[in-house]
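For the sequence shown, the positions run 0 to 319 when numbering that gives the first Met the number 0 is used.
Let me begin by presenting the structure, written as structure tokens, before commenting on it.
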Amino acid sequence: MRAVARANTNIALVKYWGKRDTALNLPAVGSLSLTLDGLSTRTTVVFDGKLAADSLLLNGADADERALGRVSKFLDLVRTRAGLIERARVESVNDFPTAAGLASSASAFAALAVAATHAAGLELSDRELSILARRGSGSAARSIFGGFSQMHRGESADGEDSFAEPIVTDWDVRLVIAATMTGRKATLSTDGMRHTAETSPYYDAWVKMSERDLGTARDAITRRDLQALGEVTEASCLSMHASAMAARPAVLYFVGATIEGYRIIQDLRRSGVPAWFTCDAGPHVKALTDAAHAQQVEAALAKLGKTWICRPGPHAEVLE
Ligand code: 2P0
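This is how it looks when you write it as structure tokens:
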């Protein structure tokens with residue numbers, strides 16, 4: 000009734016933004032991501048008949064009500080499936096500084112899905128784990144897998160065809176992160192995407208565009224064409240943010256340093272360095288590049304804040 004699992008966070012190259020069903024957490028668009036090495040969550044789950052309620056310790060401190068509620072709801076899915084009534088003690092630790100604002104629901108819910116099902120005695124396939132992780136957070140469905148993976152939007156009302164699958168695990172690209180550290184709390188993704196879908200005049204165009212971007216990105220990965228992948232990565236990110244910025248009122252995640260990072264990456268490219276910008280529901284700058292140029296890209300972005308060079312990361316796994 001106890002298990003420990005680890006999952007790595009991932010960065011979407013073709014973004015997910017918007018839901019087609021909120022109850023089952025079904026995305027309105029497919030997405031495509033790279034799982035990152037060195038940014039992982041390690042989660043322990045213990046189901047125990049003596050516990051009166053679920054508890055959640057995040058990086059050594061009691062989690063707030065919202066986080067505990069979300070985890071408890073997720074554990075209910077596992078309990079129902081396994082026929083358990085026991086409450087659980089959950090401990091989750093990120094191996095990267097949470098204060099940098101890189102904490103991710105992707106690695107968190109992927110690690111929780113693997114640890115909780117294992118502790119409950121369930122043996123799920125990767126696809127079933129991906130579907131389950133999606134219920135916790137859309138991006139978590141992709142963190143079950145290592146390397147590049149694609150999340151399918153799916154068509155069915157029950158969400159059984161909305162899962163991620165691995166595409167390629169042996170292409171050794173790099174993702175450089177510069178944490179701009181503004182300390183300002185951004186709109187949560189779940190809220191930002193709902194508001195965008197409800198009010199942005201560009202939302203439908205975004206949804207339509209992402210289908211094409213997915214095909215382009217998948218094809219570029221299959222051909223190991225970094226330039227084609229970089230171009231669609233940057234375009235998908237800016238289209239997502241454009242749809243969010245056009246919401247009323249605007250959902251704006253960029254700060255000054257985000258734009259500065261974008262300009263730095265553009266200048267690098269003009270000087271022949273293969274690097275492309277992306278940014279998620281926060282102000283941090285991320286650059287897709289290759290192994291030969293990662294240090295140069297990192298040096299150029301270092302003035303924005305703390306930096307990381309990430310390799311492609313591994314599949315989620317049971318540790319104990
Ligand atoms: C992504 N993001 O594809 C996009 C790009 C942020 C920007 O997935 O509501 O935390 O839990 O399903 O997974 C963040 O959204 O949202 C996200 P929920 P999630 O990575």
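For glycine and all other residues, C-beta sits at the position ideal for the given N, C-alpha and C.
Everything numeric in this text was worked out from a predicted model, so none of it was measured.
Three-state class that DSSP yields for residue i in the structure shown
i	result
ARG5	strand
ALA11	strand
CYS309	strand
ASP169	coil
ARG247	coil
PHE162	coil
PHE253	coil
LEU55	strand
PRO18	Before going further, note that residue 18 is Lys rather than Pro in the sequence given. If DSSP states are grouped into helix, strand and coil, LYS18 belongs with the strands.
LEU25	strand
ALA60	strand
ARG126	helix
PHE73	helix
LEU228	helix
THR116	helix
PHE108	helix
VAL296	helix
Bridge partners - residue i, DSSP secondary structure assignment
i	result
ASN93	THR40
GLU316	ARG5
THR34	ASN9
ILE176	LYS285, TRP307
THR277	LYS285
VAL45	ARG1, ARG88
MET150	SER30, ALA163
Proximity below 8 angstroms, CB of residue i to CB of residue j
i	j	result
THR189	ARG247	no
GLY29	MET192	no
ALA11	VAL175	no
HIS314	CYS278	no
LEU33	ASN58	no
LEU74	ASP94	no
ARG141	ALA105	yes
GLY37	CYS236	no
ARG217	LEU76	no
THR168	ALA110	no
ALA298	THR288	no
THR179	VAL254	yes
VAL317	VAL13	no
SER124	ALA107	no
ALA27	VAL250	no
TYR252	GLY229	no
Residue i CB to nearest heavy atom of the ligand 2P0 below 7 angstroms
i	result
ALA11	yes
THR189	yes
ASP279	yes
LYS14	yes
MET244	no
GLY29	no
ALA299	no
SER129	no
GLY260	no
MET208	no
GLY146	no
GLY153	no
LYS91	In the sequence as presented, Lys is not what sits at residue 91; that position holds Ser. SER91: no, Cβ never under 7 angstroms from the ligand 2P0.
GLY312	no
SER138	yes
ALA66	no
MET0	no
ASN24	yes
ALA112	no
SER142	no
ALA105	yes
GLY180	Before going on, a small fix: residue 180 reads as Met here, not Gly. No.
Meets three-Cβ-pair contact criterion under 8 angstroms: the stretch 159-170 and the stretch 39-51: No, because fewer than three Cβ pairs between the stretch 159-170 and the stretch 39-51 fall closer than 8 angstroms, the two stretches do not touch.
Inspect the CB distances between the stretch 297-311 and the stretch 253-272 and report whether three or more fall short of 8 angstroms. Yes: the two stretches touch, three or more of their Cβ pairs being nearer than 8 angstroms.
Specify whether the stretch 112-128 and the stretch 76-96 touch according to this definition: at least 3 beta carbon pairs, one from each stretch, less than 8 angstroms apart. Because the criterion of three Cβ pairs below 8 angstroms is met, the stretch 112-128 and the stretch 76-96 touch.
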